[in-house]
Each structure stands twice: as C-alpha cells, then as structure tokens.
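Protein chains in written order, with my numbering: chain A, 1 to 653; chain B, 1001 to 1653. Have a look at the structure below, then the notes.
There are 2 protein chains.
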Amino acid sequence: MSIDVDTRPSDTDPGPRDDLGAGLLAALDGPFHDERQRTRAELRPEEVLRDPLQSVDDAREWTLRALQALAGHEFGRAGTDPQYGGRGPLAHSVVHFELLCAADMSLAIKSGVQHGLYGGAIWNLGTAWHHERFLADALEVRTPGCFGMTEQGHGSDVSGLETTITYDERTAEYVVHSPTPTATKTYIGNAGAHGRMAVVFGQLIVGPKLHGIHAILVPIRDADGADMPGVTCGDNGHKGGLLGVDNGTLTFDHVRVPRELLLDRYGGVGADGVYRSPIDNANRRFFTMLGTLVRGRVCIGGGAATAARKALTIATTYAVRRRQFVAPGHPEGVVLLDYLAHQRRLLPAIATAYAYGFAQNRLIERLAEVALLEGGDERAQRELEARAAGLKAVQSRFANDAVQACREACGGAGYMTESGLTTIRQDVDVFATFEGDNTVLLQLVAKQLLGDYKQAWVGLDPVKLVQASAKSLGGAVVDRTANLPGVDRLVAAAQGTGADTVEHRGWQVSMFEERERHVVGRLAARLRSAARSGEAAFAATNKAQDHMLYAARAHMDKVVLESFVAGIEACPDPAVKDVLGRLCDLYALSVLEAERAWYLERGRISPQRAKALTQAVNRLCGELRPLADDLVTGLGIPTAWLQSAMLGAKMEA
Amino acid sequence: MSIDVDTRPSDTDPGPRDDLGAGLLAALDGPFHDERQRTRAELRPEEVLRDPLQSVDDAREWTLRALQALAGHEFGRAGTDPQYGGRGPLAHSVVHFELLCAADMSLAIKSGVQHGLYGGAIWNLGTAWHHERFLADALEVRTPGCFGMTEQGHGSDVSGLETTITYDERTAEYVVHSPTPTATKTYIGNAGAHGRMAVVFGQLIVGPKLHGIHAILVPIRDADGADMPGVTCGDNGHKGGLLGVDNGTLTFDHVRVPRELLLDRYGGVGADGVYRSPIDNANRRFFTMLGTLVRGRVCIGGGAATAARKALTIATTYAVRRRQFVAPGHPEGVVLLDYLAHQRRLLPAIATAYAYGFAQNRLIERLAEVALLEGGDERAQRELEARAAGLKAVQSRFANDAVQACREACGGAGYMTESGLTTIRQDVDVFATFEGDNTVLLQLVAKQLLGDYKQAWVGLDPVKLVQASAKSLGGAVVDRTANLPGVDRLVAAAQGTGADTVEHRGWQVSMFEERERHVVGRLAARLRSAARSGEAAFAATNKAQDHMLYAARAHMDKVVLESFVAGIEACPDPAVKDVLGRLCDLYALSVLEAERAWYLERGRISPQRAKALTQAVNRLCGELRPLADDLVTGLGIPTAWLQSAMLGAKMEA
C-alpha cells in the first residue's frame, strides 16, 4: 500500500483495520485501480510537488521544467496513436490528470493545456499531415502550445468568436486577425510566457462566404521567445491561484499562415482553392469539433474532486488528532471529530467524494467507449457531452465548498500556507469557471434533458404531458443512467415493502428519480406553455432559468446516486461493501435532507420522515466516525503528497 | 457625494436617479453617516490601497508604514481618553476599522492588532500607570505590539491556556514561561516581524495559589529587532491572505518582568506581595477581562460585511456592463444582470448586506451604550457579547459566501488578481476563524439564549415548558431585540388581517420570531430531558450540537430582520423607504425560502405559500434589478477604492 495515513487513535476509535482502507481504495479506484496505483507509485514527490511559496516567475519556470521531466518518461501521452508518441488508452489520460491534481494543480493544468488542449486539438481536429509534423513535439513538450479559444468578449458564448481566419487565394495563405479589442484571446494557458505555437479558433472566411468557426495552428513566438510578426502576446499576470500556469492574451494583426496549418479534419480549403467539409451545417460542424474536446471537461471535473479529496484527507487527519475543550470523560480534551458539528462538516463531504468518484469512473469509461464509436453515434456523443458538463459543474461546485469547509475546520492552522489547504483552495477556485462556467454547463444539461423530452413527446398536448403518470415518463424519458439491474430491483423492492426506513436504498433511489422526473416534466410543460402565450422566447426561458438549473442538478444527483449503487454492486468484499453502503446512505440522505423542502412542498414525504432524515444523517456520522482513517485512506491521496506541516508530515518538495 | 459608481446603462435600466443612491447610503450609514462620509473623504487612496502583487516582505513593510502614516493624522485613536492621545468616541473606532476593510484588509487588521487588541488591552486591562507609560506609543505606532492570547494547543478554548505567569516574591518580578510546546503563542499579529512588546495571557501563580488567567506586558524584541533574552519570536510565514500582517509565534523561557507590568485592573500582586482582585471568582474575572475586549468581534463582523460590500460592488458593476450571448431582442448580447440566475446570485446578497448593515449599526450603538455603564450591568454586557459573537459569525459566513459568489459571477475575469476580487476572497477567509471560530461563537449565542431561558423557567417542569404557548414564551424569553414599537405593530397587523401575501412585513417578522422561539424552546426541553435520562453531559449536549447552532442562527436571523425594520422606520425619505422595503422583503423572503423546510415540517406554512416564496424572490429580483447602480452606491464603497481593472477604473495605489 502506498497510501498510509498515520494518525493517533482517538477516544472512540476501535483501532486500525488495515484491510478496510485498502478495500475502500480498490472499490473507489474501480476499473482504474491498477493504473492509479501504478501512477501513485511512479509520480515521485520531488517531481510533482511544488513549493507554494515560489514567486510567479519561479512557479512558472518550475512548472514548465516539471512538465518536461514528466514528458521525458512518457507521461501525458495516453490516448494518442503510438506512431506519434502516444502511450496507453484514452481513459488513462484522465486518470493521470486527476492524480496530478492531488500533487500540484498548476502542473496538472499546464499538462492539460499542453497535452489535452493543444495536443488534443491537433490530434482531434487535424489530419495525419498535422500529426506527423506537430504531435510528438506537443506530447514531449518541446513546443509549448496554446489553445486559443476564449476571447475578451466571448467566454461562455464561443460561437460568437470574432477572430477571423480569411483565405487569401492569391498566396494560398490564411490571414488570422483580431478585428476588435474584444476579439483578443485571453486567459490562454501558455500564452503568458512559454507558448511557441497556438491553435487559434476563429471565423473562417473564403471569398464572400463565412464557413463558421475553425481552428488553425499559428506560430506565436520565435525560438528566442520574441513575438512573431503581427502577433502580440500579453500576460494576464497574477491570478487567484494556479501561479505556475502562464495565462496570457493573444492579438493578431493580419498574421499570414500557410494553408496547410488549418486543422482541417472537419473542413478547409483544398489545394484547388475550394472549401470542403464532411459536415454541411456550420453550426453542427462547430459542435462536432467541440465534441471531440469533451475530455477536457471530464478531466476538470475529476481533477476538482481529487483536490477536494486531498483537502478532506488533510482536514480529517487533523480532526482525529486535534483536541479542544476538556469535557466530562474527556480530560485531555475532546478530539475534534468527536463533535457532531465537526462530523457534519467533514463526513457527508467524504461520502459525497465517494459518490462523485463512482460517477466519474463511469464517465471515464463512457468517454473511452464513445471515442471508439468515432463519432458514429451522435446521440451517444451528445449524452456524453451533457454528462461531462454536468459532472464538471457539480464536482467543481462540491470541491469549492468542501475545500473551504476543510480550511475552516482546521481553524487558524488551516489558514497558514504550510497547512496545504489554502493553496488547494486558491487553485481549485477557477475549476468552477474554466472549461465552461458552471451555470452555463448546467443549462446545457437541462437542454439535453428537454431535448430527450421533446423527442419522446412530440405532438403531445402539454397539459396531457404534465398529467402523464410518473411511471410512463420514467421509462421513456429519463433513462436510468447506470443501466444496472440492481437499481431496478432496489426500486421495485421499495415499492413492494413500503420502505419504512430512510436507509432503504430503493426508497432513496426512487425519491431521487421522482424529483428529476417531476422537475424536468414541469420545466418542459412550463416552457411550452410560455411559448404558446406569445412571450418573447428569451423572456420565457429566462424566467425559468432557476428551474432549468434545478432540473440539471436533480438529474446529476440521480446520476451520481445510481453510479454509487453500481459501485457497491461491483464490490466483492462484504466488509467493504457494508461501509460503502453506509457512505451511500450518508450521501443520499444528505442530499434528501438538503432538498427536503421540495419533497414536503409536493407531499412526497411526511414531516415526520423529513425530520427522520436529519436524525439519520447524524446517526450515520456517528457510525462512520470511528472509520475516519480508513475512509480517507480510500480517497487515495498518498501521504507523501499532503504537504501539510500541521500533520507533522515532512514537506517533500 | 464621494461615492460615484460609473456604469453604462443596460437594456432594462430606466436611467440614473442621482438622489436614490445617496439616500440609500445615508440610510444604511445610519447614525454614523457623517463620520463615515468624513472618513471616506479623508482616507486617500494612495495611503490605504495596497498593491496586491507585493511580496510578503514588501507587504509587511508597506502595511507598517501605512499604519504609522495613518496614526500620524490621528487615525486609530477613537475610544481612548484624550489625555493619552485618544480622539473621538468608541463607536468611531469600529466605523474606521470597517472602512479600512474596504481599502485594504491587511492594513485594517494590523490596525486592529495594534490599536484594538494591543492598545485595547492596555486601556481596558491596565491602570493609569500603564496608560501613562504605554498608551501613546501604542496609539501612535511607535511601539508595535502583540496580543498574546492564542496558543498552539488552545485556540478556541482559551481558558485552558498553559503559559504561566509566576510571581517571584524574592525579586518582586513575574516569571513568564511556556512550559510545553503546545503553550507556544501562535498566529499572533505583529509577532512575526515588527512587534516590540506583547500583552501575554497566562495562568497567574502566586506562591502555591493559582489565580487564573491574567495579562502582562512583556518586551519581546529590543530596539534593533533582536529577540529579548528568554523570548523566541517565530514567523508563521506565508498565509492564505492578509499578506501584510506579520503573524508569528512567541515562546518564553522563564522571562523575568517587573511586577508593575502586569495589567492589574482586575487583579495582581501589590507592593506588599499579596494578590488582590475586585472579582473573587477566577472564572468570572477572566470572562470580565475578555468582555472588555468585545470590540474586536464587533469590528471583525463589520469588517467582513464591508469586504462583502466591496466585492458586491465590483461584481454588480461588472454585471451591468458585461454582455454574453445574443438573444431575440438583445442583438448586442444580454447584459449579465438581466439573467435571472445572475440576479439571484447578486441581488439577495445585496439585500443581505443591507440587512447586516442595519444590525451592525445597532450593535455599534449598543457597544458604546454598554461601555458607558462601565461594567455595571452584567446582563447588558453578556447580551452585548452574545450579539457581537453572533453578528461576527453570521456576517463572516455571509462575507465568505458572497465574495466567492461575486468571484464566480465575473468568470475568468474575476480570477485575475487585477479584478480585485481574489485578494478580497483570500483576505476575508480567516474572518470566519479569528476573533472566535464561528462554530464556537454560535454556541456561545445558543448558551446565552438558553441562559435566558433557564432564568425565565427555573423550576418549571420541562414537559410543561415545551407545551407552554408561543405567546407567553415570546414575551418572557426571547426579547424583541430592536425593541421598536414598529415591530409590535407590524406583527399585530399580521395577526389581524391574516396577512395574505408573503410581502406582509408583519407576517415575515412573526415567522422569524416563531422559528427562533420554537427552536430555542425545543432545544431547552431536549437538553433538560437528556440531562434527566442520565447520559453524560457531554454526550447529551454534543448530540444536540447541530440544534444549538441552528437555534443561534434562527436568533440572529430574527435580530437582523428586526434591525432592518427599525432602519426602515428611521428613514425620512419615502422613495428611499420604498426601496429599503423591497430590499427588506428580498432579505426576509430569501431567508424564509432557504428555511422553508423547517416551516413545512411543522405545518407553519402551506406548500402553496412555500412555492410563493420562490416566486416572490424572483419577482423582487426583477423589480430591483433596474436599481442595481443605486443599490451598490448605497453600499458605500468609494469608486476609487475598487482596484478593479476589469471595470476600467484606474488602480490608484
């Protein structure tokens, strides 16, 4: 075991159970256990832990060097063809990114920019011609590269990008240009200092015709680091975190680029000067291009959740050591985690970390499966994108909240940079924003749900639609996402028995499903009804915006719970299974407790049962508290990576 | 008007109303309007705004110099007798601290340490002998001083401090000593670099007798900055924020200090070698000493809320300028604040900022009133302490959440340090922890509520107690804190009419009152019942810890709403009064919406009314949105202090 958290047993601790932590770890690692263990062992602390006290310049330099060193032993190459330097399956690239987030998030994001975004754009949007010339230099970090999507005026709304890529048939070149100040590319990783090349997204113009957004490779700095002619690189400077990543701006003044540098897998001008694309519709073409980049969102969601696991490991390890206030029966002081309020701060968050871990594993598997379809199944691709968007949003929200709770749970000690917590807090903050603002992403999820809905109910009267029974809606519209027979069996059992305790899994699942079904159904009815009443379309959707966000969250809650159930089913060890079951209870009941107003408003639970939720959460906290050490062992953060002086661990970097 | 927020009017903006913002500002400034306006004009940006990119060393140096410069023109002297350099009333010291938090929180905290804690301890715990010798140097920052309370092993539980202050009658000296590693003073402001003197808290031992915690002045560094013999000063180093404050550690190895340096207003050894104190009970003596330092908590709560106001001003100003996504009727893109989800992120938080502002004004007035009683009214003093603790906890919680929401509401731009938001976020974080951990403070509030309860119901059977009617409980136990006839009238009106809309103020107030009354009543019954069943006292209180925290929050919600009502009553301008009324609705209904599960569980509101809360919050957001500019003008942050490049404002420092 490389995971070994050393703690002093507290008053109520029944003593260590060596195998339980290992069993939890194996279960939570799931299908990627071997690769995760291999990576934990391989990433040496001195290579991947950054000194948080570095200046911005030193942090950037360290991060570049560390990334190059990792590339030297083949890190960052999963998911690409071996003939261009690739190694291992696509899924492993996500696994590696997530674990790097447990070491240093600057290094992880620099890798994400270089391998995932820059390399990924070449791989996914380019052809063999580009792969042969640019991919190895990208993977081996010989050419630091940028992903030039976001513009000053267009963050969430990338279809409105203003940068132009105009074909000049006279010279067979493209002219890349920033026509306005708001067309300036900004917050671009690697643009601030190290980038040599950039994949630049802009509106392709050929003759009089606009072909929508395409991507083109543009050299931005020469070998000495000077701006290329017509290119102006700027530096976004100091940020709220991720100090090792050099974000910057890119502005183009009629920059001429050879025709061949357009990443033209989905369209471009041929040697004959004629534009051709395998996809006729410009909008559909752009979304297809974006779709190939879905891995980024899968990575960011998983990375944020991993950062939360690290903070939970630090704060929980502290909470089983630290004592405060003597009390009758506790002459040496009460151990922090023996306080109910402290348990409620940390243990439901640990349960949620497990829940998201199972959901994320399933998402990574789905990413790999859909990639094998090679874009052949558009519905599967859209579902994957919605799932990735939703899990990115809820995991990054969870991470921000959980890391802050951990910081506060360690009091003054947690505010010292040497605690390790403040750096995690600062770095993970922007995970709520980049690779898609969470509010926008949740609306994407809601639209996907409504799309399903529309497909299933075309032509149906909205009134009838609203009145349709939960049962028929459930089958046709809101699929059970885990698609596991276990879930159906559980729900059926709940209906048969009456499910008289809140710990009945079938009851929990059916409550989650019912909320999703009802909220989505009402949303569809509401939007239809608003459209019929003649209100402007924007005003109508805007009035329901909070409803849309709620629908997306209700859907994601259900997806996550069903993944947890599937994860428990897959666990072979009864003792581990028992603990996972209690963690799943704690996750499910915490969500139901937080959302109980919704159920009460609709008479779906009685006031008595609502109060029982709070009691059950408290009881489960008490039951799981003695297992705290094992629970954090299962979260999979190597002790040597914690970088937390207050735990007495040496900082290894 | 020194407050002047320059924004581009958005699509739905009816245009500027110059007087409304000024009227809101005057109302929210309340009794301190003149002093606040004077201070806003007097604190020049170049004196109080720090460059957030400074290194830790530069930040500390700048902060010390800035504090000395402020002291040079009499800042930081309110509340002390003019004969020792004091200027102006006690209340103004809080007003000044709050406004400094809108400029630079490092500077504010350094002032809080120097003037409030170090100077305040000399003033409150010392005698004329100490005032004459040490106070002017403290106020004028000639002697940077520390407040040595917190120890490594004793953060929240300060009554367990281990440092010893042992009287040596042979030499008429005290010996200050750190007997264990956990006795090390830590996180002490000014200890890291600048401090020359420290007020050190420790257990006073005279002969065989322990007299409990006392405070003594100890020189810690000589004129050249070298540690005094026996004193070891350490540096806590880099923190999650407040980089301009030099927190550090202090360890004492049998340090000898003349007898006169004990701050002996509440007890000490006389020239005859005999210990005397005006307060016999050691515990009571310590809490009396702590009570004199209540101003610190009043400052921290108000300072946190002021930081939130600054972030809300930045994010709202951005949200009325920034556009994203074109939509039908919005060809240039929809202004961010026209989105319902964005309104819900910012406008209820602005309403809450107003609510806390009124409550804080009342607390400052109370602080000044109770100070005039000179400790003569112990009940008034305890109530003040509980109010200060509660408002510190809820305001710092609000600030952390609101500032994070503001950061996220500005997307990638909000993560750049030049936005001004990340520095506020990092600095305000620890406000949840210092001057009392929020969880501990809320329990203090709950205990105070239970204390009241006990007093009112001594001898009553707990079963009868629970069954007692809400009416009689309301009068005797949970006082209407604002004590304004307006509130009684409103509640009476609600009972008379049936209050059929959720905007009926009387209904809102009665709902807040009922929740507090019921939660506190049940808590009292539960603790009595648990005590009777023979469970260990700790286990019983611990089981109810979440209930205690909830009771404290319910109480504070009510206190805040009643202060808001009083603030509206005091406003002479009908147009301003109307807007304040809608802000108060938004605050009250946001709280009721968030807490609606509690009311539903107890049948206190119908499902229909619960849903009406959400609809009303959305409607109020729409009504207040066109007034966004005026609402932030009323928050009182000078435009020149915003330091936010994304607003196009020049950074003045």
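Ideal placement from N, C-alpha and C gives every residue a C-beta, glycine not left out. Given the structure is predicted, the values throughout are model-derived calculations rather than measurements.
Short of 8 Å in beta carbon distance, which residues of its chain neighbour residue i, apart from the five on each side in sequence? Order them along the chain.
{"i": "A:A359", "result": "L391, V559, V560, S563 and F564"}
{"i": "A:L642", "result": "K310, T313, I314, T317, G420 and A649"}
{"i": "A:D500", "result": "none"}
For residue i, which residues does DSSP report across the bridge?
{"i": "B:T1249", "result": "B:G1234"}
{"i": "B:A1327", "result": "B:H1330"}
{"i": "B:Q1203", "result": "B:T1164 and B:I1213"}
{"i": "A:V257", "result": "A:Y174"}
{"i": "A:F147", "result": "A:V199"}
{"i": "B:L1631", "result": "B:L1631 is not bridged to any residue."}
{"i": "B:I1188", "result": "B:G1248"}
{"i": "A:L262", "result": "A:I216"}
{"i": "B:V975", "result": "Past the edges of chain B, shown from 1001 to 1653, lies residue 975 of chain B, and the structure says nothing about it."}
{"i": "A:K239", "result": "B:M1416"}
Going by beta carbon distance, what residues of the same chain come within less than 7 Å of residue i, once the five residues before and after it are set aside?
{"i": "B:W1598", "result": "R1515"}
{"i": "A:Y356", "result": "A305, Q395, F398 and V560"}
{"i": "B:V1056", "result": "H1238 and L1243"}
{"i": "A:P87", "result": "Residue identity check: residue 87 of chain A is Arg in the sequence provided, not Pro. Within the same chain, A:R87 has close Cβ partners E74, R77 and A78."}
{"i": "B:V1519", "result": "Y1550, A1551 and A1554"}
{"i": "B:D1585", "result": "E1503 and L1620"}
{"i": "A:E151", "result": "L161, E162, T163, T182, A183, T184, K185 and T186"}
{"i": "A:N438", "result": "A393, S396, R397 and A432"}
{"i": "A:L613", "result": "V502, L589, L592, E593 and R596"}
Excluding five sequence neighbours on each side, which residues of the same chain lie with their C-beta closer than 6 Å to the C-beta of residue i?
{"i": "B:H1657", "result": "For residue 1657 of chain B there is no data in the structure shown, the boundaries of chain B being 1001 and 1653."}
{"i": "A:G241", "result": "Q426, D427 and D429"}
{"i": "A:Y587", "result": "A351, T352 and A355"}
{"i": "B:T1063", "result": "S1106, L1107, K1110 and G1244"}
{"i": "B:I1637", "result": "A1102, R1309, K1310 and T1313"}
Using a beta-carbon distance below 8 Å, is residue i in contact with chain D?
{"i": "A:P572", "result": "In the structure shown, chain D cannot be found, because the protein chains are A and B."}
Item to check | 4 or more residues per run - each alpha helix (DSSP H) lying fully within the stretch 1271-1312 of chain B | outcome: 1282-1291
- Are the stretch 1180-1193 of chain B and the stretch 1124-1142 of chain B touching by the rule of at least three beta carbon pairs closer than 8 Å? no
- Item | Any alpha helix (DSSP H) of 4 or more consecutive residues that is wholly inside the stretch 1021-1104 of chain B | 1033-1042, 1045-1048, 1056-1072 and 1090-1103
Given 8 Å, three or more beta-carbon pairs between the stretch 70-81 of chain A and the stretch 254-262 of chain A: no
Along the stretch 411-423 of chain A, where does the CB come closer than 9 Å to a CB of chain B? Name the residues.
G411, G412, A413, G414, Y415, M416, T417, E418, S419, L421, T422 and T423
For the stretch 1157-1184 of chain B, enumerate the residues whose C-beta is nearer than 8 Å to any C-beta of chain A, in chain order. D1157 and G1160
* Asked: Which residue spans inside the stretch 556-642 of chain A form an unbroken alpha helix (DSSP H) run of at least 4?
  -> 574-594, 596-601, 607-624 and 628-635
Is the stretch 69-76 of chain A touching the stretch 333-352 of chain A, taking contact as three or more C-beta pairs under 8 Å? no
Next on the checklist: Any C-beta of chain B within less than 8 Å: which residues of the stretch 609-628 of chain A qualify?
Outcome noted: A610, K611, T614 and N618
Short-range partners of chain B found in the stretch 437-449 of chain A, where Cβ spacing is below 7 Å: D437 and T439
TODO: Check whether the stretch 432-448 of chain A touches the stretch 1402-1419 of chain B, counting contact only when three or more Cβ pairs, one atom from each stretch, lie closer than 8 Å.
DONE: yes
- Message: Which complete beta strand (DSSP E) runs does the stretch 515-551 of chain A hold, if anything under 3 residues is left out?
- Response: none
* Cβ contact check for the stretch 264-283 of chain A and the stretch 601-611 of chain A: 3 or more pairs under 8 Å -> no
Requested in this report: Please determine if the stretch 622-629 of chain A and the stretch 545-554 of chain A are in contact, where contact requires at least 3 C-beta pairs separated by less than 8 Å.
Outcome: no
Q. Does the count of Cβ pairs from the stretch 1372-1386 of chain B and the stretch 1570-1581 of chain B closer than 8 Å reach three?
A. no
key: Stretch-stretch touch, CB-based, cutoff 8 Å, three pairs: the stretch 287-302 of chain A with the stretch 107-118 of chain A   = yes
TODO: Report the residues of the stretch 511-540 of chain A with a CB closer than 9 Å to any CB of chain B, ordered along the chain.
DONE: A536, A537, F538 and A539
Does the stretch 186-196 of chain A come within contact of the stretch 119-126 of chain A, defined as at least 3 CB pairs closer than 8 Å? no
**Message:** List, from N- to C-terminal side, the alpha helix (DSSP H) runs of 4 residues or more that fit wholly inside the stretch 1398-1439 of chain B.
**Reply:** 1421-1429
For the structure I just gave you, are there three or more beta carbon pairs, one from the stretch 1381-1391 of chain B and one from the stretch 209-217 of chain A, closer than 8 Å? no
- Message: Closer than 8 Å between beta carbons: that is the criterion. Which residues of the stretch 1390-1411 of chain B meet it against chain A?
- Response: N1400, Q1404, R1407, E1408 and G1411
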